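Student: Protein chains in written order, with my numbering: chain D, 244 to 415; chain X, 244 to 415. I'd like to ask you about the structure that follows.
Number of protein chains: 2
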Amino acid sequence: MTSRRSEERANALADKLHSTAIHLLRQLRKEDDASGLSAPRLSALSVVVFGGPLTLGQLAAAEQVKPPTMTRIVTGLEKDGLVQRLDDPHDRRLTQIRATSKGRNVLAAGRARRVERLATAVRRLGATELAELVRGAQLLEEIIRSMRAERTEGRSHRARDSDAERRQRRTM
Amino acid sequence: MTSRRSEERANALADKLHSTAIHLLRQLRKEDDASGLSAPRLSALSVVVFGGPLTLGQLAAAEQVKPPTMTRIVTGLEKDGLVQRLDDPHDRRLTQIRATSKGRNVLAAGRARRVERLATAVRRLGATELAELVRGAQLLEEIIRSMRAERTEGRSHRARDSDAERRQRRTM
DNA sequence: AGGTATCGTTAGCACAGCTAACGATCACTC
DNA sequence: GAGTGATCGTTAGCTGTGCTAACGATACCT
Chain D
244 MTSRRSEERA NALADKLHST AIHLLRQLRK EDDASGLSAP RLSALSVVVF GGPLTLGQLA
304 AAEQVKPPTM TRIVTGLEKD GLVQRLDDPH DRRLTQIRAT SKGRNVLAAG RARRVERLAT
364 AVRRLGATEL AELVRGAQLL EEIIRSMRAE RTEGRSHRAR DSDAERRQRR TM
Chain X
244 MTSRRSEERA NALADKLHST AIHLLRQLRK EDDASGLSAP RLSALSVVVF GGPLTLGQLA
304 AAEQVKPPTM TRIVTGLEKD GLVQRLDDPH DRRLTQIRAT SKGRNVLAAG RARRVERLAT
364 AVRRLGATEL AELVRGAQLL EEIIRSMRAE RTEGRSHRAR DSDAERRQRR TM
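Below is the structure:
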């Protein structure tokens with residue numbers, strides 16, 4: 244039973260999370276230049292490094308991006324010698340993406356640099372606040388997971404049928 | 244006294260906040276098509292609506308963006324009839340940006356639509372969890388504020404001197 | 001073998017971010 | 001008052017990210 248009151252609070256919170264995420268990323272983007280890696284590239288590289296070799300399609304899905312977009316990101320990373328494209332011997336349509344040792348090194352450095360400012364600020368928190376923020380991040384992560392799930396199941400209860408919706412459905 | 248242990252936790256948290264923000268915005272971006280307003284435009288419009296009339300430069304600063312970028316965003320909003328450019332009678336170099344009534348209406352609708360998915364997910368939380376998330380958002384907001392402040396003061400303790408740093412300093 | 005599906009790429013669009021350079025205006029000084 | 005320098009917004013041009021549409025290559029399946 245969602246009361247009028249708690250619904251408003253949920254809306255306000257959603258709104259704040261939205262703008263907060265925007266501003267956080269705008270701040271962090273400023274550190275990108277230092278590592279020479281943009282956010283999408285850094286994020287993709289991270290998946291490749293930690294997620295082992297995987298196909299371009301899998302990588303695109305993991306990053307919630309369409310294949311053409313990931314093609315370009317990988318091309319950029321490859322040009323910098325951070326990842327390799329490898330032919331899959333079993334299915335030659337696939338191209339496996341693997342991190343090079345340079346990629347692993349750069350990731351460690353770049354990632355550290357990128358989060359440094361954030362981590363510095365986070366370190367100023369007391370233990371209690373840190374725990375609270377960890378909890379908040381955890382909740383937000385679950386929420387995002389549930390949002391993603393919502394997109395592929397139980398669509399019928401959703402009323403509107405915008406372009407975005409149709410496109411989404413088409414590409415499923 | 245920052246222990247080795249808590250430093251690691253801070254790094255891990257910073258890392259998680261980073262990727263979480265990326266994924267949250269990627270999800271929300273999918274709703275943009277529905278409102279016809281991209282995230283930067285929606286955000287700028289929001290500032291104009293709630294922050295009253297303000298100059299383009301102030302708007303750019305508020306959105307942490309360079310003036311040329313804001314010029315284009317405002318041009319787009321103006322083309323859609325959501326904001327107006329007004330000459331300042333006291334200083335004719337300035338252009339005041341003001342929201343139209345259409346802009347106010349569209350903001351309400353678009354903003355609601357954009358956060359709808361997020362709000363829906365948020366509403367599934369229990370009261371306790373909601374409070375926890377509110378607290379987390381609040382902490383994160385403060386952290387971002389402190390990050391921004393750090394950029395303009397006490398720069399000396401920062402060791403590296405990258406292109407990004409230099410550019411930042413130059414444009415201060 | 002032939003048709004269909006899948007994968008990655010290419011081409012082409014829109015948008016957001018930046019710097020550099022410029023014109024217009026203001027403010028200050030001589 | 002005239003000139004000099006600062007400030008504001010715009011324009012031009014670059015890079016990068018995201019998308020769809022269309023295509024070639026390969027695999028699968030009957």
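The beta carbon of each residue, even a glycine, is placed where N, CA and C say it ideally should be. All figures in this text were calculated on a predicted structure; none of them were measured in a lab.
Return the bridge partner residues of Leu329/D from the DSSP annotation.
Tutor: Answer is Gln339/D, bridged to Leu329/D.
Student: What does the Cβ neighbour count give for His266/X, buried or exposed, with the cut at 16 atoms within 10 Å?
Tutor: So His266/X ends up on the buried side.
Student: What residues of chain X sit near Ser344/D, judged by a beta carbon separation below 8 Å?
Tutor: In chain order: nothing, as chain X lies at least about 21 Å away.
Student: I'd like to know if the segment 373-392 of chain D and the segment 321-341 of chain D are in contact, where contact means that at least 3 CB-CB pairs between them fall below 8 Å.
Tutor: With the cut-off at 8 Å, the segment 373-392 of chain D and the segment 321-341 of chain D do not touch.
Student: Check whether the Cβ of Met390/D lies closer than 8 Å to any Cβ atom in chain X.
Tutor: Interface residue, yes.
Student: Can you check whether the C-beta of Thr263/D is within less than 8 Å of a C-beta belonging to chain X?
Tutor: Yes - at least one Cβ of chain X is within 8 Å of the one on Thr263/D.
Student: Going by DSSP, what residues sit across from Thr312/D in a beta bridge?
Tutor: DSSP, once it has assigned bridges, lists no residue as partnering Thr312/D.
Student: Measuring alpha carbon to alpha carbon, tell me which of Glu384/D, Met390/D, Leu373/D, Gly324/D ends up nearest Thr284/D.
Tutor: Strictly speaking, residue 284/D in this sequence is Arg, with Thr absent from that position. Closest option to Arg284/D, Cα to Cα, is Gly324/D.
Student: Is there a C-beta anywhere in chain X that falls below 8 Å from the one on Ile386/D?
Tutor: Taking Cβ atoms only, chain X reaches closer than 8 Å to Ile386/D, which makes this a yes.
Student: Looking at the secondary structure, which residues open and close the alpha helix (DSSP H) in which Pro206/X lies?
Tutor: Any question about residue 206/X goes unanswered here, given that chain X covers just 244 to 415.
Student: Go to Leu299/D, then tell me how far its alpha helix (DSSP H) extends in each direction, as first and last residue.
Tutor: That run of the alpha helix (DSSP H) goes 299-305.
Student: For Val308/X, which option in Arg272/D, Thr338/D, Lys322/D has the closest C-alpha, if you only look at C-alpha atoms?
Tutor: For Val308/X, the nearest C-alpha among the options comes from Arg272/D.
Student: If you count every other CB in all the chains shown that lies within 10 Å of the CB of Ala342/X, and 16 or more means buried, which is it?
Tutor: Classification of Ala342/X: buried, given that the 10 Å Cβ count is 16 or more.
Student: Against chain D, does Ser286/X count as a neighbour if the rule is that its beta carbon must be under 8 Å from one of theirs?
Tutor: So yes, Ser286/X belongs to the interface.
Student: Which term fits Pro318/D, buried or exposed, when burial requires 16 or more other beta carbons within 10 angstroms of its beta carbon?
Tutor: The displayed chain sequence assigns Thr, not Pro, to residue 318/D. Per the 10 Å Cβ criterion, exposed.
Student: If you draw a straight line from the C-alpha of Leu320/D to the C-alpha of Leu288/D, how long is it?
Tutor: Taking the straight line joining both Cα atoms gives about 8 Å.
Student: Roughly how many whole angstroms lie between the Cα atoms of Glu306/D and His261/X?
Tutor: Going from the Cα of Glu306/D to the Cα of His261/X covers about 14 Å.
Student: Quick one: what does DSSP say Leu368/X is sitting in, helix, strand or coil?
Tutor: It is coil, neither helix nor strand.
Student: From this set, Glu372/D, Ala352/D, Ile386/D, which residue's C-alpha is nearest Leu256/X's C-alpha?
Tutor: Of Glu372/D, Ala352/D, Ile386/D, the residue nearest in Cα terms is Glu372/D.
Student: Applying the 10 Å Cβ sphere with the 16-neighbour rule, what's the burial state of Leu286/X?
Tutor: One detail in the question is off: residue 286/X reads as Ser in this sequence, not Leu. Label assigned to Ser286/X: buried.
Student: What is the C-beta distance between Ala282/D and Leu299/D, in whole angstroms, given that I count them as a contact (C-beta under 8 Å)?
Tutor: About 19 Å; that fails the 8 Å criterion.
Student: For Gly279/X, which three-state DSSP category applies?
Tutor: Note: Gly279/X maps to coil in three-state DSSP.
Student: At the level of alpha carbons, what is the spacing between Ala362/D and Asp334/X?
Tutor: Using only the alpha carbons, I get a separation of about 42 Å.
Student: If you measure from the beta carbon of Ser399/D to each beta carbon in chain X, is any gap under 8 Å?
Tutor: Per-residue confidence for Ser399/D stands at a pLDDT of 34, beneath the threshold of 50, marking its modelled position as unreliable; no derived number is given.
Student: When DSSP labels each residue in this structure, what does Asp323/X get in the three-state scheme?
Tutor: The answer is coil: DSSP assigns Asp323/X none of H, G, I, E or B.
Student: Glu384/D to Arg367/D, Cα distance in whole Å?
Tutor: Straight-line Cα distance between these residues: approximately 23 Å.
Student: Compare the Cα-Cα distances from Thr338/X to each of Glu359/X, Phe293/X, Ser344/X, Ala303/X and report the closest residue.
Tutor: For the residues Glu359/X, Phe293/X, Ser344/X, Ala303/X, the minimum Cα distance to Thr338/X belongs to Ala303/X.
Student: Just verifying my parser: in three-state terms, what is the DSSP assignment at Asp334/X?
Tutor: Note: Asp334/X maps to coil in three-state DSSP.
Student: If the cut-off is 7 Å on Cβ atoms, which residues from the segment 296-320 of chain X count as contacting chain D, listed in chain order?
Tutor: The residues in question are Gln307.
Student: Strictly under 8 Å for the Cβ-Cβ distance: is Asn254/D near chain X by that measure?
Tutor: Closer than 8 Å: yes.
Student: Is the beta carbon of Ala264/X closer than 8 Å to that of Ala264/D?
Tutor: Yes, these two residues count as a Cβ contact at 8 Å.
Student: Of the choices Arg336/D, Ala364/D, Lys322/D, Arg360/D, whose alpha-carbon is the least far from that of Gly346/D?
Tutor: Of the listed residues, the one whose Cα sits closest to Gly346/D is Lys322/D.
Student: Taking Leu376/X as the query, report the chain D residues whose CB atoms sit under 9 Å from its CB, ordered along the chain.
Tutor: Residues of chain D passing the Cβ test: Leu256, Leu260, Arg378, Gly379, Leu382, Leu383, Ile386.
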